[in-house]
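Okay, structure first, notes after.
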Amino acid sequence: MTEHYVPKHFDIESFQDALLDWFEQNLRDLPWRRDKDPYKIWVSEIMLQQTQVDTVIPYFEKFIERFPTLESLAEADEEEVLKLWEGLGYYSRARNLHQAVREVKSEYGGKVPDTREEISRLKGVGPYTAGAILSIAYNRPEPAVDGNVMRVLSRLFHVRDDIQRPATRKKFEASIRQLIAVHNPSYFNQALMELGALVCSPKSPGCLLCPVNAFCQAHQDGVQEELPVKGKAKPPREVDMVAGVIMKGGQVLIHKRPDSGLLAGLWEFPNTERQKGEDWEETLSRFLYESFSIKAETAGHVMDVKHTFSHLRWNLRVFQCEIIEEEEASLPPSARWVDLSALDDYAFPVSHGKIVKRLQQDGD
DNA sequence: CATGCGTGGCT
DNA sequence: TAGCCAAGCAT
Numbered sequence: 416m417t418e419h420y421v422p423k424h425f426d427i428e429s430f431q432d433a434l435l436d437w438f439e440q441n442l443r444d445l446p447w448r449r450d451k452d453p454y455k456i457w458v459s460e461i462m463l464q465q466t467q468v469d470t471v472i473p474y475f476e477k478f479i480e481r482f483p484t485l486e487s488l489a490e491a492d493e494e495e496v497l498k499l500w501e502g503l504g505y506y507s508r509a510r511n512l513h514q515a516v517r518e519v520k521s522e523y524g525g526k527v528p529d530t531r532e533e534i535s536r537l538k539g540v541g542p543y544t545a546g547a548i549l550s551i552a553y554n555r556p557e558p559a560v561d562g563n564v565m566r567v568l569s570r571l572f573h574v575r576d577d578i579q580r581p582a583t584r585k586k587f588e589a590s591i592r593q594l595i596a597v598h599n600p601s602y603f604n605q606a607l608m609e610l611g612a613l614v615c616s617p618k619s620p621g622c623l624l625c626p627v628n629a630f631c632q633a634h635q636d637g638v639q640e641e642l643p644v645k646g647k648a649k650p651p652r653e654v655d656m657v658a659g660v661i662m663k664g665g666q667v668l669i670h671k672r673p674d675s676g677l678l679a680g681l682w683e684f685p686n687t688e689r690q691k692g693e694d695w696e697e698t699l700s701r702f703l704y705e706s707f708s709i710k711a712e713t714a715g716h717v718m719d720v721k722h723t724f725s726h727l728r729w730n731l732r733v734f735q736c737e738i739i740e741e742e743e744a745s746l747p748p749s750a751r752w753v754d755l756s757a758l759d760d761y762a763f764p765v766s767h768g769k770i771v772k773r774l775q776q777d778g779d
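Structure representation (C-alpha cells):
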C-alpha cells in the first residue's frame, strides 16, 4: 500500500460512525441525489468540477430535462450540448462528456462502466470523477478525493504537504482506502465532501459544530485556519483584444472558435489580440481583411468588456464596422452571417455574450 | 510535474 | 478592489 497519513492508532470505526451519523442527519436535498442513475451522477460530477453546488443546480436541471438519458445525450448535436453549458465555464468538460457518452453507448451498450480501469479511459473522467461515480452510483469502496476531502484530511491529520502537488493527492487517496466505510462507500465519500462544504470550510471552519472534532489533530493543535497548505497561483496575464461587430442586411458576422484551446467550440465576434504599441482600429481592419477577406473600417465604439479568466485578463474593445468591400467566396467555414434574432441559438462565452445582449438591446 | 482551461461568489 | 475559492482534467 502507498504511503498515507492515517496515524497508527486512529479509531477508524468510531470516526466512520460519527461522520455517517452526521451526514444522514444533514445531507442536502440535491437534484442529483434523487436517484442513483450512473448517467445522472456522471453529469453532475462533471458539472461540479471546480464549480460550486449553487451554480450547478439550474444547469443540471435544464440539462437533464433536455437529456434525461445517456442515449438522448449521445444522439444530440454538440452545438446543443454547448448551448446548455453556456456560462458554466470549462467548456471542454461538455465536449468530453458528450464524446464519452457516445463511447459508452457504442462500446458498453449504454451502461456506464463500473470498474476504475474502464471508467478512467473515458474523456474527462479523472481520478476524482472515477471514484465519485464508482462510489456514489455503484457503492464501490473507491476514493473520491477532491478539494473538500483534501482540506478535511489536511486538518484531520495536520498535514502540511502542498495539496496542489499530485503526489499529495495520491497520499490522500491511500488514506481514504484505509478510512473508507466499506459498508457504505457512497455515503462515506459524500459525507466527507459535505462536511468540507458545510462545516470544515476554507475560512472560519465550524469546529465547534463538527461531528468529528474529537478526531481532528488540527483542531487539537489550534491550527485549522492555517490548513490546507496550498501554493499561490500566479496572477493572470493581461491581454488587449479588439472585436468587430459587422452588419450586413440585418445580419451579423460571427465565428466559431477552433475545437481545442481556450473556449473551444464556442462562438464569438471576430476578434484578435492587439500587439503592444499597435493601433486598435488599425489592428482590427487588417485582421478582418486577412482572416475574413472583408475590407472594413471602424464606425464607432460599441463597448469595452473586461473579463478575467483563471490565467488571462482580457481588455476587449468592441467596434462597429462598416464594410467597404468583401470577397464572399473566401469567407472561412468557421464564419457565418446570422440574424440578430438567431444569436440565442449559439453558445457564446460570457465575454462575448455581453456583446450579444448589447446588440439585442439596441435592436429594441 | 507544470500549465492551460471559466465563471461567479465572497471577503 | 484584488485575491481567493469551488465536487479537476488533459497534455
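Using this note's numbering, you'd call the opening residue of the first sequence number 416 and step up by one each time. Virtual Cβ for every residue (Gly too), placed ideally from N, Cα, C. Please read these numbers as outputs of a predicted model, since none were measured by experiment.
Counting every other CB atom within 10 Å of its CB across the protein chains shown gives I456 a total of 16 or more, marking it as buried. With 16 or more other Cβ atoms from the protein chains shown falling within 10 Å of its own Cβ, S459 counts as buried. With 16 or more other CB atoms across the displayed protein chains lying within 10 angstroms of its CB, L678 is buried. For N604, the uninterrupted alpha helix (DSSP H) run begins and ends at P600 to L613, by DSSP. Nearest C-alpha to K772 among V660, W729 and E641: V660. Restricting attention to E693, L512, R531 and I548, the CA atom closest to the CA of S487 is found in L512. Sorting G541, V644, A757 and E495 by C-alpha distance to the C-alpha of D576 places V644 at the top. L774 and Q467 have their C-alpha atoms roughly 31 Å apart. Rounded to the nearest angstrom, the Cβ distance from A515 to L537 is 4 Å, consistent with a contact under 8 Å. Here E697 has no same chain residue with a Cβ atom under 8 Å from its own Cβ, once five neighbours each way along the sequence are excluded.
Around the beta carbon of Q605, 16 or more other beta carbons sit within 10 angstroms, so the residue counts as buried. With a cutoff of 9 Å on beta-carbon distance, L624 and V564 are scored as not near each other.
Runs of alpha helix (DSSP H) with 4 or more residues, each lying fully within the stretch 636–673, are absent. Note that the C-beta distance between H419 and A589 is below 9 Å. The Cβ neighbour count for P747, taken over all protein chains shown within 10 Å, is under 16; the residue is labelled exposed. Judged by pairs of C-beta atoms under 8 Å, the stretch 666–682 touches the stretch 493–506, as three or more such pairs exist. Where R728 is concerned, the enclosing beta strand (DSSP E) starts and stops at L727 to E741. Of the other Cβ atoms in all chains shown, 16 or more fall within 10 Å of the Cβ of P453; this residue is therefore buried.
The continuous beta strand (DSSP E) containing K721 extends over residues I709 to T723. About 17 Å separates the beta carbons of A714 and N686, which is beyond the 8 Å limit, so they are not a contact pair.
In this chain, the alpha helix (DSSP H) harbouring E486 covers L485 to A489. Using a 10 angstroms sphere on the CB of A547, the tally of other CB atoms reaches 16 or more, which defines it as buried.
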